[in-house]
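There are 2 protein chains.
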Amino acid sequence: MTAKVTPRSEDYSRWYTDVIQMAELADYAPVKGCMVIRPYGYALWENVKEGLDRRFRATGHVNAYFPLFIPLSFIQKEAEHVAGFSPELAIVTIGGGEELEEPLVVRPTSETIIGYMYSRWIRSYRDLPVLINQWANVVRWEKRTRPFLRTTEFLWQEGHTAHATAEEAQEETLRMLNVYTEFAVEDAAIPVIPGRKSESEKFAGAVTSYTIEAMMGDYRALQSGTSHFLGQNFARAFDIKFLDENNELQYAWTTSWGLSTRMVGGIVMVHGDDQGLVLPPKLAPIQVVIVPIWMEDAQRSRVLEAVYQVEGMLRDQVRVKVDAREEYSPGWKFNEWEMRGVPLRIEIGPKDVEREQAILARRDLPGREGKRTVPRSTLVGEVKETLSAIQSHLYQRALAFRQAHTYDPADYNEFKEAIPNGFAFSWWCGSAECEARIKEETKATIRCIPLEQEPGRGKCIYCGRDAQERAIFARAY
Amino acid sequence: MTAKVTPRSEDYSRWYTDVIQMAELADYAPVKGCMVIRPYGYALWENVKEGLDRRFRATGHVNAYFPLFIPLSFIQKEAEHVAGFSPELAIVTIGGGEELEEPLVVRPTSETIIGYMYSRWIRSYRDLPVLINQWANVVRWEKRTRPFLRTTEFLWQEGHTAHATAEEAQEETLRMLNVYTEFAVEDAAIPVIPGRKSESEKFAGAVTSYTIEAMMGDYRALQSGTSHFLGQNFARAFDIKFLDENNELQYAWTTSWGLSTRMVGGIVMVHGDDQGLVLPPKLAPIQVVIVPIWMEDAQRSRVLEAVYQVEGMLRDQVRVKVDAREEYSPGWKFNEWEMRGVPLRIEIGPKDVEREQAILARRDLPGREGKRTVPRSTLVGEVKETLSAIQSHLYQRALAFRQAHTYDPADYNEFKEAIPNGFAFSWWCGSAECEARIKEETKATIRCIPLEQEPGRGKCIYCGRDAQERAIFARAY
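Sequence order for the protein chains is A and B. According to this note's numbering, the first sequence is numbered sequentially starting from -17. According to this note's numbering, the second sequence is numbered sequentially starting from -17.
Right, here's the structure in full:
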């Protein structure tokens, strides 16, 4: 029998690491806080990359590559930036057998070195906007790590743009937040709340940070992508100046935005269940697995013939895999591919061969409810429709779950009761003090101030003073 | 007027760095020996990646990702490996503000850490072969660097496979050498010589190293991809063992193979000319540039309309760009896109609009010879055929160039004369001493012992002793 993951209800954290390891998404590395992304997990990440990259190109961005190493002095040029990142740096002090004159930081993010290059490339308003994205690895020295969610090294994309006006940069910041939202909703089937970060939660060096926040299966929040309006902070620190149309020298306005392998952890935690992984069809490395079934050897060749015929029909349309291994029983394989989250299983046995049919079994619906017999003649269409039904069902299910666990507490007592069980969407006066107290008393932070909220006024959930906006409070990864 | 690159004939090395910078393939980084790969250069690299990745998948490989950091002790486990790589290491000694107990090496290559993981993943012959590739950045501390050809950090892919038998591993090594050859010839239009490295030139830790070697425009050789049969060296160092079919514990046999951003430098040096870059159509980020031409404002809108119509016809078929900038003249644009190596230019002026035609100008043929007027009705087909003609012309031209500069010197005096002007394909007795002397006296190294050579015997070009194989000797990058 195939090994089973710890049930979610029993121990969520253990369930998560079990799924990661048993579904072979990742493994622990021999370096503290690092992970190895195994082929199945990497294929999932490649699909994430493709879904994002396509959208970046459609919005006019191009890819480039900047150095891994950043002179330590660069990090120190933007005051808030250095304060935010200093405790997390990995530093190279030896190169080619010799002590380096200036230590090199392994990039934790690339605003500084990219800012330096932009200052050399940008001369005139004609050179703007610069719309560059980089796919790269970054390193942040983390005390407590967890595969995909927080690792010392992680993979991500970081977009860095420069503009002639504040308005354009602000527009870009929100455009990319929107790209992230669209990707999360459409491809990852994850409902997210786009919003603004509070001052204390924003990116070190940003004027305003925006985020998409998602609710995990244990009600905690996951910051799943961020987009920052950097104002002229990095332009001033790195001297990114251009001659405007009136021939006057101006500082540029810059943005940055990033989404990382963390998204893979989000996909696991939003959709997974007691059996293991449940992958949204659009991102699943294997969308359909075909399992042949036979009792006697005499049936074997007829069944396999039908299986490979069906594979041939599907191959150009979906990502399909045949599991014809002889050392495992069909039941074992069912469990295995369920645990690995394959959205749709096709079973073909001797009876199905005779009747020219196949059985479809959905990963997202338990037992009988998700099973259906389909004639071979309409199979391809049915498979595609079913995948699309699974995709939208996963999204709807996650949305309903988040809605069911998002509270509007009447007072701070209700707030404190709500926090362990979900998001609290509450009025906030805007003071960092209330925010800090809430964090201290409930471990909940302001995940974001949602961009979409009904205008109005209320009383701060903590201090009772006048409040103009509501914020999402939650415990977070 | 657009700035011009230094002519190749005048100063090859300067020509190379001019082309890299002016065509905006790369720029120097503020970190010694590092470069920034600019969008145009990165798009070229992405096309290289795609051409290789497709072939890796077709030969059964999957992608994964292993950590950037490797414990120093890992590098030291394989004796030859540590000797080869020690002088080139970048070492992290500080993480999160504290001195690390064990320093971490920034990977120069990943045999060690991947070997460690394979030892955990591989248990039985049923787990074999493991066929994994990684796209990653690596760091080797280099004294003398040159964009793309030799940089402290570079991008590459490294394949790492494990097999049950020596034969299978050997087969894999040559299969991947063949994939590299096919890619170089078909996509990069670069004729390469696949061959074996001599003992002194092989990879640190390999039993046998194979390489593809190409001739650059200055007759020097460029090692453009390597594939290593590692025997059981790394399996023993990292304890990669499996139970074979007889239930006996065996060490696995491993291989590794890599191709890097160096290939971009090779493409520049093989095809480029005095005007700048010449890109093979299969890899060119822009395959076709359309330049509108008008004298009077009245013609502008009609010309542009035709230009965008033609762009629309081509868009799904080729990578096409319209250069409708008004601040530059058509002549300036011609020079610009020639310098940037776009394989095919389409010119459309008022007369062409009237006659429903367009002018095609090939980058690889000078002036009139490469120009042709084509009716709009057959344009798409003509463009595609012309691109394919350019692709094969570039290959044939490079092959003819290499053949014209490959010598079969009769004696060592002729050999010494040949070396500054090309490759010498000479008998070699196999002794490291002759090899070292030749290197000392001529700066030529053994690039490879070509796999395809007529069997026979001869006299070593240096010592005159009996020799069973011929080697390619050349100065190299």
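Cβ atoms here follow ideal geometry from the backbone N, Cα and C, with glycine treated the same way. Small disclaimer: the values here were computed from a predicted structure and weren't measured.
- For the region 387 to 447 of chain A, the continuous beta strand (DSSP E) assignments of 3+ residues that do not extend past its boundaries occur at 405 to 410 and 427 to 432, in sequence order.
- When CB distances to chain A are screened at a threshold of 7 Å, not a single residue of the region 206 to 236 of chain B falls below it.
- Here residue 373 of chain A is buried: its Cβ has 16 or more other Cβ atoms, across all protein chains shown, within 10 Å.
- Separation of residue 393 of chain A and residue 443 of chain A (C-alpha to C-alpha, rounded to the nearest whole angstrom) is 6 Å.
- For secondary structure counted as the beta strand (DSSP E) over 3 or more consecutive residues, the region 275 to 311 of chain A holds these complete runs in sequence order: 302 to 304.
- At a cut-off of 8 Å, the C-beta of residue 170 of chain A has no neighbouring C-beta in chain B.
- In the DSSP secondary-structure assignment, residue 455 of chain B is bridged to B/406 and B/428.
- Taken in chain order, the members of the region 70 to 91 of chain B whose beta-carbon sits within less than 8 Å of a beta-carbon on chain A are 70, 71, 72, 73, 74, 75, 76, 77, 78, 79, 85, 86 and 88.
- At a beta-carbon threshold of 9 Å, the residues of chain B lying near residue 28 of chain A are 45, ordered along the chain.
- In the DSSP assignment, residue 329 of chain B falls within the unbroken beta strand (DSSP E) covering 326 to 330.
- Look at residue 57 of chain B: its C-beta is not under 8 Å from any C-beta on chain A.
- Looking at the DSSP output, residue 242 of chain B sits in a beta bridge with B/138.
- With its beta carbon at least 8 Å from every one in chain B, residue 4 of chain A lies outside the interface.
- With contacts defined as CB atoms closer than 8 Å, residue 322 of chain B and residue 265 of chain B fail to qualify as a contacting pair.
- Uninterrupted beta strand (DSSP E) stretches at least 3 residues long and entirely within the region 86 to 111 of chain A do not occur.
- Scanning chain A for C-beta atoms nearer than 8 Å to the C-beta of residue 11 of chain B yields 48, 49, 95 and 99, reported in chain order.
- Contacts between residue 137 of chain A and chain B, judged by CB atoms closer than 9 Å, involve 47 in chain order.
- Chain order gives the chain A residues near residue 24 of chain B as 45, 46 and 47, where near means a beta carbon separation below 7 Å.
- Contact between the region 192 to 203 of chain A and the region 72 to 87 of chain A is absent: fewer than three C-beta pairs spanning the two stretches fall below 8 Å.
- Just so you know, the alpha carbons of residue 312 of chain A and residue 340 of chain A end up roughly 15 Å apart.
- Spatial neighbours of residue 315 of chain A in its own chain (CB-CB distance under 6 Å, excluding positions within 5 residues in sequence) are listed in chain order as 273 and 305.
- In the DSSP assignment, residue 192 of chain B falls within the beta strand (DSSP E) that extends over 190 to 197.
- Chain B places a beta carbon closer than 8 Å to that of residue 18 of chain A, counting this residue as a contact.
- Contact annotation for residue 129 of chain A against chain B: no contact, minimum CB-CB distance about 12 Å [criterion: below 9 Å].
- Looking only at B/68, B/414, B/51 and B/97, the smallest Cα-Cα distance to residue 80 of chain A is reached by B/68.
- Annotation for residue 160 of chain A: 176 place their beta carbon closer than 8 Å to its own, counting only its chain and skipping 5 residues before and after.
- Between the C-alpha atoms of residue 411 of chain A and residue 456 of chain A there is a straight-line separation of about 17 Å.
- Taking a Cβ-Cβ cut-off of 8 Å, the neighbours of residue 114 of chain A in chain B comprise 21, given in sequence order.
- Against residue 53 of chain A, the close residues of chain B are 12 and 13, in the order they occur along the chain (beta-carbon pairs closer than 9 Å).
- According to the DSSP secondary-structure assignment, residue 223 of chain B is paired through a beta bridge with B/233.
- In this structure residue 378 of chain B is exposed. Its beta-carbon is surrounded by fewer than 16 other beta-carbon atoms within 10 angstroms.
- In this structure, DSSP gives residue 186 of chain B a state outside helix and strand, which the three-state scheme calls coil.
- For residue 239 of chain B, no chain A residue has a Cβ inside 9 Å of its Cβ, as the nearest lies near 17 Å away.
- By a beta-carbon distance limit of 8 Å, residue 24 of chain B contacts residue 45 of chain A. Their separation comes to about 5 Å.
- The residues 440, 441, 442, 443, 449 and 452, in chain order, have a CB closer than 7 Å to that of residue 409 of chain B in the same chain once the five nearest residues on each side in sequence are set aside.
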